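To start, the structure under review is shown below, and the notes come after it.
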Amino acid sequence: MLTITNLQVYYDRAVEALRDASLEVRPGQIVALLGSNGAGKSTVLKSVCGVLYPEDGEILGGTITHDGISLTGFAPHEIVRRGIAQVPEGRRLFDKLTVEENLLMGGYSRPAGEVSAGLDQVFALFPAVKQHRTRVSGYLSGGQQQMVAIGRALMARPRLLLLDEPSLGLAPQIIAEIFEAIRRLRDEQGVTVLLVEQNAQLALSVANYGYIMERGRVVLDGEPAKLLSNEDVKEFYLGMG
Ligand code: ATP
1 MLTITNLQVY
11 YDRAVEALRD
21 ASLEVRPGQI
31 VALLGSNGAG
41 KSTVLKSVCG
51 VLYPEDGEIL
61 GGTITHDGIS
71 LTGFAPHEIV
81 RRGIAQVPEG
91 RRLFDKLTVE
101 ENLLMGGYSR
111 PAGEVSAGLD
121 QVFALFPAVK
131 QHRTRVSGYL
141 SGGQQQMVAI
151 GRALMARPRL
161 LLLDEPSLGL
171 APQIIAEIFE
181 AIRRLRDEQG
191 VTVLLVEQNA
201 QLALSVANYG
211 YIMERGRVVL
221 DGEPAKLLSN
231 EDVKEFYLGM
241 G
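Heads up: the sequence shown runs through residues 1 to 241, numbered per full-length UniProt numbering.
Now the structure itself:
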């Protein structure tokens, strides 16, 4: 279980991005982290996977634990070794490398004998990735790149996958495929997912639980049915006001 308690993060010691943010991600669940632009969602993910530290933002208070062990102060690669992998916003592939080379970059922490099994798992989840394995990833469509980015994270065999805006800028058909893959990862492989999304309706359609953030704080949480029937959520996040 991932437990975040009273997390406080500043950028440049001046911009307060998170104040007393607390949330829990239970094993085997998809947890949606929702909220408007600048609410602090990406900062939560960055804090968990260690990429704030030390040059970007700074954790000034609170705790982050995974299965009871504190994650704060560890370098990103050490956090990957603890079973947590991130798919960053904007995908951040190595554009000049092929699809397969990108996947192999994600698999550096696997024992050599298990790398090809990892590739096969990614190809089974995303047949389009297999089809394009020898292509330079910069030439793929946005949807294909998102699949490669998720595949690269899966190569690290995470127990917890952090996804930042996987639907951003993609066509509905591709979004449906990606969300089906996220659901299968949970249901068939038991992968736990913390999912940051602008599209609340979409995220809550697969999530077991959701948190809504505003100005660096969690302002509401609950099961999807509860959030979907909340008047403020309907008005501000579902466009049903
Ligand atoms: P978005 O959907 O736009 O990414 P978000 O909910 O993920 O929004 P964050 O990116 O976590 O929000 O940003 C939280 C706050 O921290 C915002 O006020 C943002 O302007 C600020 N912030 C984020 N990154 C930096 C940075 N590198 N330097 C300074 N301020 C930052």
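Backbone N, C-alpha and C fix where the C-beta goes; we use that ideal spot for every residue, glycine too. Please read all numbers here as calculations on a predicted model, not as lab measurements.
According to the Cβ coordinates, are residue i and residue j closer than 7 angstroms?
{"i": "T43", "j": "V9", "result": "yes"}
{"i": "A200", "j": "L140", "result": "no"}
{"i": "G143", "j": "I182", "result": "no"}
{"i": "V80", "j": "S109", "result": "yes"}
{"i": "G50", "j": "F74", "result": "yes"}
{"i": "G216", "j": "G35", "result": "no"}
{"i": "Q146", "j": "R91", "result": "yes"}
{"i": "V136", "j": "T98", "result": "yes"}
{"i": "L202", "j": "L228", "result": "no"}
Using 10 angstroms around the beta-carbon of residue i, count the other beta-carbons present and answer buried if the total reaches 16, otherwise exposed.
{"i": "G93", "result": "One detail in the question is off: residue 93 reads as Leu in this sequence, not Gly. By the neighbour-count rule (16 or more Cβ atoms within 10 Å), L93 is buried."}
{"i": "D12", "result": "exposed"}
{"i": "G61", "result": "exposed"}
{"i": "E100", "result": "buried"}
{"i": "I96", "result": "The identity of residue 96 in the sequence shown is Lys, whereas the question assumes Ile. Exposed, because fewer than 16 other Cβ atoms sit within 10 Å of the Cβ of K96."}
{"i": "H77", "result": "exposed"}
{"i": "P172", "result": "exposed"}
{"i": "G190", "result": "exposed"}
{"i": "I69", "result": "exposed"}
{"i": "T134", "result": "exposed"}
{"i": "P224", "result": "buried"}
For the putative contact between residue i and residue j, defined by C-beta atoms under 8 angstroms, what is the C-beta separation to the nearest angstrom?
{"i": "A207", "j": "I30", "result": "5 angstroms"}
{"i": "P158", "j": "A85", "result": "4 angstroms"}
{"i": "L7", "j": "S47", "result": "6 angstroms"}
{"i": "A21", "j": "M213", "result": "7 angstroms"}
{"i": "V218", "j": "L23", "result": "6 angstroms"}
Looking at residue i and the ligand SAM, is the gap between the Cβ and the nearest heavy atom below 6 angstroms?
{"i": "A39", "result": "Judged by which ligands are present, the ligand SAM is missing from the structure shown, whose ligands are the ligand ATP."}
So, does the stretch 156–165 touch the stretch 183–197, judging by three or more C-beta pairs under 8 angstroms?
yes
Contact between the stretch 115–122 and the stretch 148–155 is defined here as three or more beta-carbon pairs at a separation below 8 angstroms; is this criterion met?
yes
Check whether the stretch 209–226 and the stretch 19–34 touch, using three or more Cβ-Cβ pairs below 8 angstroms as the test.
yes
Whole runs of the beta strand (DSSP E) within the stretch 50–106, excluding any shorter than 3 residues:
57–66, 84–87
Can you give, in chain order, each stretch of the beta strand (DSSP E) that sits fully within the stretch 178–204 and has at least 3 residues?
192–196
Length at least 3, wholly inside the stretch 145–176: the beta strand (DSSP E) runs in chain order:
160–164
Whole beta strand (DSSP E) elements within the stretch 205–232, 3-residue minimum:
209–214, 217–222
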